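Heads up: the sequence shown at position 65 corresponds to 65 in full-length UniProt numbering, and the numbers run straight through without jumps. The beta-carbon is built from N, C-alpha and C at its ideal position, and this holds for glycine as well. If you're wondering where the values come from, they're calculated on a predicted model, not measured in any experiment. What follows is a set of notes on a single structure, which appears directly below.
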Amino acid sequence: MRNSSYSGWQKFLHWLSAVIIIWALGSGFYVSLFETSLVLKEWVAFVNVSLTTVFLPFFALRVFLHWRHGRHENTQQYSPVELFVLFMHRLIYLVTGVVMVTGFLMMDRAINVFDVLLIPQPLTNAYLIVLFFKIHIVACVLLALLVALHVAAVIKHEASGRRVLKLMSFRR
């Protein structure tokens, strides 16, 4: 993108998001798709629910900083490729938000955050819980595909000499 100057907070939140999203998607899909012990499934569920609940305010800050960073952009000056890149990045934000909101709303019990905080179950209507669970699964698959595309694009750019990882580096 044209304005490639990211603050330290934006870089920190990018890498925090990357680690948490990749962990939650990878571990969640692993225990869902493969034969694992009930103990492992419950542990992954506990860690992922706790981790993503704690992550929520950081994600909100990341969205705010992204919006603030780009609010002065004149997208009319962007090429079609640059507009596509902007769209894809914003789609990642949107789908991540859907994953997080549906993950919260699909809870069929109180939300235990690392045995420190107990948040009451947000919904009790079984139909809505199942609906949000189904939306959550679709959104997780879509987010996994978007993350894979994002990583593939970074690899492609780095391999072709366009140092995009440098934009998110703390050492510039």
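Proximity below 9 Å, CB of residue i to CB of residue j
{"i": "Met106", "j": "His150", "result": "no"}
{"i": "Ser32", "j": "Phe58", "result": "no"}
{"i": "Val63", "j": "Gly97", "result": "yes"}
{"i": "Leu94", "j": "Leu61", "result": "no"}
{"i": "Phe170", "j": "Gly28", "result": "no"}
{"i": "Val147", "j": "Leu25", "result": "yes"}
{"i": "Val113", "j": "Val54", "result": "yes"}
{"i": "Ile111", "j": "Ile119", "result": "yes"}
Proximal residues to residue i (C-beta, below 6 Å), its chain only, five neighbours per side dropped
{"i": "Arg2", "result": "Annotation note: pLDDT 49 at Arg2 (below 50); position unreliable, coordinate value reported separately. Closer than 6 Å at the Cβ level, and outside the excluded window around Arg2, lies no residue."}
{"i": "Ile135", "result": "Thr102"}
{"i": "Leu142", "result": "Val95"}
{"i": "Ile92", "result": "Leu146"}
{"i": "Phe34", "result": "none"}
is_contact[residue i, chain D] using C-beta, thresh 9 Å
{"i": "Met107", "result": "No chain D appears in the structure shown, which is made up of a single protein chain."}
Rounded separation between residue i and residue j - CA only
{"i": "Arg68", "j": "Arg90", "result": "13 Å"}
{"i": "Val19", "j": "Val47", "result": "14 Å"}
{"i": "Leu167", "j": "Ser5", "result": "7 Å"}
{"i": "Ile22", "j": "Ala144", "result": "8 Å"}
{"i": "Leu38", "j": "Val85", "result": "41 Å"}
{"i": "Leu117", "j": "Gln76", "result": "47 Å"}
{"i": "Asp115", "j": "Asn125", "result": "25 Å"}
{"i": "Arg162", "j": "Leu65", "result": "25 Å"}
{"i": "Gly70", "j": "Lys11", "result": "15 Å"}
{"i": "Tyr78", "j": "Phe132", "result": "36 Å"}
{"i": "Val138", "j": "Tyr30", "result": "16 Å"}
{"i": "Arg109", "j": "Ser160", "result": "49 Å"}
{"i": "Ala152", "j": "Leu83", "result": "18 Å"}
{"i": "Lys41", "j": "Tyr127", "result": "24 Å"}
{"i": "Trp15", "j": "Cys140", "result": "19 Å"}
Proximal residues to residue i (C-beta, below 7 Å), its chain only, five neighbours per side dropped
{"i": "Val164", "result": "Val154, His157, Glu158"}
{"i": "Phe104", "result": "Pro122"}
{"i": "Val81", "result": "none"}
Inter-residue CB distance, residue i and residue j (contact presumed, cutoff 8 Å)
{"i": "Thr52", "j": "Met100", "result": "6 Å"}
Closer than 8 Å: residue i CB and nearest the ligand MG heavy atom
{"i": "Tyr78", "result": "This structure simply doesn't include the ligand MG, nor any ligand for that matter."}
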